[in-house]
Every structure is written in structure tokens, then in C-alpha cells.
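**Student:** I'd like to ask some things about the structure below.
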């Protein structure tokens, strides 16, 4: 891997206000040496994609706990592709039933991290899969 | 509490015992380097009267139902009536939630607790672009009185009590509830229930804010005033530590930040010209019941004592009912695991027991499948049965505050109280909980605690069965509740129908009346009631408020 630091956008699409997980992940990625930007709550897919492009990130990590993941995660992936940023690694987390995971992966979400995931697995996954 | 010669005797004995303890520890080293609760109070091997040498029974504990209410707010507590068993429910459309409510009432539940979907909580109708994918997901979608009428169909609002988890638009939903009860033939003075109405914790951690602090605090004071005159049984606010704890706070931070928020509401209402004893008795609270069983029991006791002192000493309340901290409890959602979900039944039972031993007035027990999805009928039933086991089978409700007087419990109650006061002083120094700098401070403290908690799980300082220890192969879970995806379309269609059938000229003039009231000093709740009766929607009313007051901009802290 090159010396360049990995840049990550941690994003909260949808309306749910539970960002404990998003902020803990953001802190863990930062402590692992990545540069992390957190969008804050209530971001539309358009806002997330525009922030990702503006911040020139390698990774977008999204967190949803309301159940709106099936609608919103794929919208972000599609918009990134439309803007020519399909090489950005997109991962997600939250309260996401196992049975929804295959569809999300088919829609371009590289990995889904459910409840109980150790921070280190997220860090390692990103380090191993990011495209610089 | 203890005579000096008694204490001297115990101290002398303890000296000899400590030597024995040191020798034992050489042979049997302790499991961890240091025992402590997450709030930051160290735990000794054993507690004795020496740990309570400064305690004054009358000053620090008193009897149940008496100042400072450490032992409870009622003289006979559950010997008179058990707590209200109140399961939080709501999903999909008003029709589906109405069915769940009626199921819960048939199963012996004694009060309703309504969850609203996120667009409703943020004051958007179902046809708003931001509502996409969220309609009916975490609660029921309510756009207008038409939905509320379906939600409470065949449920007599003059007879059940209903708690509504609604904050920023609380005044509007309260107005709909009043209108609905009146349509059922009840007088509004007969209705009984709670609105959460706690906006500060939305800024801190829960996220369903709409307006900036100043107009939000005004709306809250409007509700206090309106209810004290019109619906005196109503709990006008549920000042909530639950979400603060879920976001990562420790038990001591939960007490401190919740009561600091309470202080801000009381301050605002007094500034608005209200007398503390007119609204003080109707303030209610909402706490979390987490895993550290004895720390939680101590937390509830400490919170009651701190609030009693705040109301009597700081605000000069004269009515003893203003001094009492009455609270609802919910078991800790964050303690549930997606792995081995049945184990969550045990976690929830212990958490619920801590709330009962802490003297809660009402209780929600989480369902075992909630780390995976919204709960199914079966898991909700087991959660309710858990409360019934505690209430009817295990004998803990036959006396008040049975753990009171335990050297450890009293010592920990004192320890948590001290940390809480230190935080309250810091928040006072920052200008009070409704100010930007205090909100930012609390957010930072909560985030730091959350991060430490996660690190403790990751490095196995904290054991979580199924997550970092005692793993096993599992079959994928079955029977999870799925919210019907067509609910969004159905809800939008209903909304179109309501808008087509109502008197739209009247709607325009009612919205104008709301705008004018918002721009003046008038109380907004009566104009909300007039408006919702004519099927003006939640989104329309909140749209006017957004227009007049602007929107809150989140502070991003991590």
C-alpha cells in the first residue's frame, strides 16, 4: 500500500438520529491513521455523493438503523457510478437483517457490518480492500 | 447513622481482616486488576458501616414518599399498585399499529406507548422527499387526524393512558390526541398520558430536532401552560436519559445530563412567567436500565435524590409533588446482541429487575429480536411476560426499596450522586443545557464513553456473550417482522385523499392563524388544536413553524 493516507467519509443517510455507531467507527478509523470526515445526520444520497467527491475520499461508510438501508444504500452507489466515482469503496452497517445482505452486495455495497462487529475488523477490511 | 464506638470496633476488626485478605489474594489473585463501575466509582471487596460513616438517615434517605425520596416516590409503592407495564409499539400504518395495541391490551398490558416513524418525528408528511424509505419503518406514520382516528379505533382514550414518543412536534400530536379523544366522546380533562417533548436530548443525541433551541423551549413552555389549565392529568414532558445512555453515556452521566436538561426546562418555564409548582408536579422522566445491576439500582435512587434537591433548594418549589422524580424505564437496547438472541431475554430480565428495585413507575422490556429487526408478536409477548414474572411471581414487590440500607448500594448511590453534581456544575458554568457549548460538551463526553465501551468489548475487558466470548454456530433467525414496503404508497394515497376531502380554504386560514400566533407571544397549542380538527397536516403545521423560526443546525462532534 502506498504512503498516502486513506480518506473516509462516514455518512448517515436517512432520518434516523442514532449515530453512536457511526461516530465510534469514525474515531476507530481515525485512530488507525485514516483521515475521516463525518457528515452528520439526515443526509440525502445526493448530499453524501457530493461530500464524497468534494472530500476526495477512497471510502464511503454508511450507517442506518431505521430499516431504510434497502432503499438508500443502493442510491448512493448508483449516484457515485454516475459521477464517475465507481472506484470508491462503499461499505455499510447498522441494524441490517442477514437476508438483506445479498441484495445490498449485488447493488454494490462491498461489505455490510452488523451489530457486534469488532472495530478492528472494519479497519482491516478497509485497509485490505481500498483502491488507491 | 452509626455510633463512633461501633465504627471504631468495626475499623479495628477490618484491619485484621485486611491482612487476611492480602494473604488470600496472594493465593487467589483477583480476576481483574481493578474493579470499578463504568461511571468511575471504584468497587471495594466488601462494604461496611465504615463506608457510610457520614450518612444521616433522615437527611439522605428518609422514608418512601418523603423528601429526599431516595427510597421512592410513594409510601407503599408496588404494595398499592404495580408499575404500568407499557410496551413501546408502532410500525407501518395506523391500521397495523392499532392491531398491535389491541393485542398488547388483550395480553394484560396496562398502558399504551406509541412509536412514530421518523418523518412524523421530524414534522414531515409522508409525501416529503426526505420521507423516502422511512415511512412506517420505526413507528407508525401519522400525517393528520385521519390517521390518529384509525390508530386509536376501539381504544377508549378516556380510559387508557398513552405515552407518545414525540418531541419536536409534540404540541401538534398532543393536539391530534385531544381532538381524537373528543371525537370519541370524552372530555379532554379525562385523558391521561405523556408526551416525550424533550428537545434538548434530541440535540445531544437522538437527532429528531426541528427548530433551534429558543423557539423549541417556547413551545415546551406553551405546552406546560396549556396542560396545567386544560389537561391536568397529562405528563407534559418525559425528560429522557434513555437515549443519552444508549448513545454511550455512563450511569452517572445519564443522571447528570438528564437532570441538567430538566433544569433548563424549569428555568425556561419560570422565565416564561410560570410558577414552578403549577408545572413541577407534571414533569416526568425516562431512564435506561442497563446491565450493571446494582449500579442501575443505585442510579435510580441517586437521580431521585438529586432532583428533589434541585426542585426544593434551587427552584424553591413548595409542593412536595414538584420534588418527586417519577420515571419510566426501558431496558437497554444497546445491550442486546444479534448473536444468540435468546440470551437477550435474560439480559432484559435482569435490567427490568433493576428498574423495579429502583422504584420505576412504568416499564418497557425490550424483545429478544431487536438487534435484528422490529420485534415480532412472540418476542413482544415474552418481554411482557418478563415483567409479569417480576411483578407477580418472585416476591420483590411486597416491600419498598428492599436494597435500601445495603452498605454497597448506599455507598454507590452517594458516589453516583457526587459525580452527577460535578457534571451539573460544569453544565451550569457553560450556561445551562440548552446552550450550544453545553450541548457540545455533553456530546463529547458521551462519545468518549461510547468509544471506551466499545474498546473494552473489543479487548475483552468486558464480556459480551456471543459477541466476544462463548461463541456457537447458529441457524439464521426466523420469523422476523418485516414492515410492508407498500406502506409508503398507501400512506401517500391516504394523505392525498384527506387533502382532497377537507375544506382547503379553512386550512389556509388556520395555517395563517398559526403563523400569526408563532410571530406573537401567544400560546400555540390552542391554535394547533383548532387546525388539526380540520385535518391540517403535521407537515403543513411544522412547515409554517420552520418558516417562522428556521431550522436547527446540528453540531458535529466526534
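Protein chains in written order, with the numbering used here: chain P, 1 to 132; chain S, 133 to 690. Don't be surprised by glycine CBs; every beta carbon is placed ideally from N, CA and C.
Among the residues of its own chain, which have a CB less than 6 Å from the CB of residue 167 (chain S), if the five just before and after it don't count?
**Tutor:** Once the five neighbours on either side are set aside, the close Cβ partners of residue 167 (chain S) are 175.
**Student:** Exposed or buried, residue 1 (chain P), counting other C-beta atoms within 10 Å across all chains shown (16 or more means buried)?
**Tutor:** Bear in mind that the predicted position of residue 1 (chain P) carries a pLDDT of just 48, short of 50, making it too unreliable to give a figure here.
**Student:** Taking only beta-carbon atoms, is residue 269 (chain S) less than 8 Å away from chain P?
**Tutor:** Answer yes: the Cβ-Cβ gap between residue 269 (chain S) and chain P drops below 8 Å somewhere.
**Student:** Taking Cβ-Cβ distances shorter than 8 Å, what residues in chain S pair up with residue 27 (chain P)?
**Tutor:** The contacting residues are 579, 583, 690.
**Student:** Within 10 angstroms of the Cβ of residue 473 (chain S), are there 16 or more other Cβ atoms? Answer buried if so, exposed if not.
**Tutor:** Residue 473 (chain S) is buried by the Cβ-count criterion.
**Student:** Taking just the CA atoms, how far does residue 73 (chain P) sit from residue 82 (chain P)?
**Tutor:** Cα to Cα, residue 82 (chain P) sits roughly 15 Å from residue 73 (chain P).
**Student:** Given that residue 469 (chain S) touches chain P, what residues does it touch there, using C-beta distances under 8 Å?
**Tutor:** Chain P residues near residue 469 (chain S): 115, 116.
**Student:** Confirm, please, whether the CB-CB distance from residue 469 (chain S) to residue 483 (chain S) is below 8 Å.
**Tutor:** Against a cut-off of 8 Å, the Cβ pair of residue 469 (chain S) and residue 483 (chain S) comes out as no contact.
**Student:** Checking contacts by CB at 8 Å: is residue 1 (chain P) closer than that to chain S?
**Tutor:** Low per-residue confidence applies at residue 1 (chain P): pLDDT is 48, beneath 50, and the placement is therefore not dependable enough to give any value.
**Student:** For residue 38 (chain P), return the contacting residues in chain S, with the cut-off set at a CB-CB distance below 7 Å.
**Tutor:** Ordered by position in chain S, the residues that pass the 7 Å Cβ test against residue 38 (chain P) are 688, 690.
**Student:** Closer than 8 Å by beta-carbon distance: list the chain S residues that pair up with residue 119 (chain P), in chain order.
**Tutor:** Simply 586, 587, 590.
**Student:** On the three-state DSSP scale, how would you describe residue 468 (chain S)?
**Tutor:** Residue 468 (chain S) falls in the coil class under three-state DSSP.
**Student:** Return no unless some Cβ of chain S is closer than 8 Å to the Cβ of residue 97 (chain P).
**Tutor:** Yes, its Cβ sits closer than 8 Å to a Cβ of chain S.
**Student:** I'd like to know whether the C-beta of residue 678 (chain S) is nearer than 8 Å to at least one C-beta of chain P.
**Tutor:** No, no contact with chain P.
**Student:** Can you tell which of S:258, S:431, S:323 has its C-alpha closest to the C-alpha of residue 172 (chain S)?
**Tutor:** Among S:258, S:431, S:323, the Cα nearest to that of residue 172 (chain S) belongs to S:431.
**Student:** Closest Cβ-Cβ distance between residue 505 (chain S) and chain P: below 8 Å?
**Tutor:** Yes, its Cβ sits closer than 8 Å to a Cβ of chain P.
**Student:** In the DSSP output, which residue or residues are listed as bridge partners for residue 371 (chain S)?
**Tutor:** According to DSSP, residue 371 (chain S) bridges with S:417.
**Student:** Classify residue 189 (chain S) as helix, strand or coil using the three-state DSSP reduction.
**Tutor:** Reduced to three states, the DSSP call for residue 189 (chain S) is helix.
**Student:** Using DSSP with H/G/I as helix, E/B as strand and the rest coil, what is residue 1 (chain P)?
**Tutor:** Legend: pLDDT at residue 1 (chain P) = 48, less than 50; position of this residue unreliable, value from coordinates given subsequently. Residue 1 (chain P) falls in the coil class under three-state DSSP.
**Student:** Is the region 267 to 276 of chain S in contact with the region 532 to 545 of chain S, if contact means three or more CB pairs nearer than 8 Å?
**Tutor:** The region 267 to 276 of chain S vs the region 532 to 545 of chain S: no contact.
**Student:** Does DSSP put residue 538 (chain S) in a helix, in a strand, or in coil?
**Tutor:** Coil.
**Student:** Using a Cβ cut-off of 7 Å, which residues of the region 245 to 256 of chain S contact any Cβ in chain P, in chain order?
**Tutor:** Against chain P - using a Cβ distance shorter than 7 Å - the residues of the region 245 to 256 of chain S are 250, 251, 254.
**Student:** Considering only residues of the region 276 to 364 of chain S, which uninterrupted alpha helix (DSSP H) runs meet the minimum length of 4 residues and lie entirely inside it, listed in chain order?
**Tutor:** Listed in chain order, the complete alpha helix (DSSP H) runs (minimum 4 residues) inside the region 276 to 364 of chain S are 277 to 283, 302 to 315, 345 to 362.
**Student:** What residue range is occupied by the uninterrupted alpha helix (DSSP H) comprising residue 478 (chain S)?
**Tutor:** Start and end: 475 to 489.
**Student:** Here's the rule I'm using: 16 or more other beta-carbon atoms within 10 Å means buried, otherwise exposed. How should residue 527 (chain S) be labelled?
**Tutor:** Exposed: under 16 other Cβ atoms inside 10 Å.
**Student:** If we call anything under 8 Å between Cβ atoms a contact, is residue 616 (chain S) one with residue 118 (chain P)?
**Tutor:** Contact: no.
**Student:** Is residue 447 (chain S) helix, strand or coil by DSSP?
**Tutor:** Residue 447 (chain S) falls in the coil class under three-state DSSP.
**Student:** Can you name the start and end residues of the alpha helix (DSSP H) that residue 113 (chain P) belongs to?
**Tutor:** Careful: residue 113 (chain P) lies outside any alpha helix (DSSP H), inside the beta strand (DSSP E) at 111 to 113.
**Student:** Use the C-beta contact count for residue 293 (chain S): other C-beta atoms within 10 angstroms, 16 or more gives buried, fewer gives exposed.
**Tutor:** It counts as buried.
**Student:** Using a Cβ-Cβ cut-off of 8 Å, state whether residue 266 (chain S) counts as contacting chain P.
**Tutor:** Closer than 8 Å: yes.
**Student:** Within 10 angstroms of the Cβ of residue 604 (chain S), are there 16 or more other Cβ atoms? Answer buried if so, exposed if not.
**Tutor:** With fewer than 16 Cβ atoms within 10 Å of its Cβ, residue 604 (chain S) is classed as exposed.
**Student:** Does residue 17 (chain P) have its Cβ less than 8 Å from a Cβ in chain S?
**Tutor:** With 8 Å as the cut-off, residue 17 (chain P) counts as an interface residue toward chain S.
**Student:** Would residue 456 (chain S) be called buried (16 or more neighbouring beta carbons within 10 Å of its own) or exposed?
**Tutor:** It counts as buried.
**Student:** Which chain P residues are close to residue 615 (chain S), counting only those with a beta carbon under 8 Å from its beta carbon?
**Tutor:** Chain P residues near residue 615 (chain S): 67.
**Student:** List the residues that DSSP assigns as beta-bridge partners of residue 221 (chain S).
**Tutor:** According to DSSP, residue 221 (chain S) bridges with S:246.
**Student:** Could you check which residue in S:253, S:428, S:309, S:501 has the C-alpha nearest to that of residue 170 (chain S)?
**Tutor:** Of S:253, S:428, S:309, S:501, the residue nearest in Cα terms is S:428.
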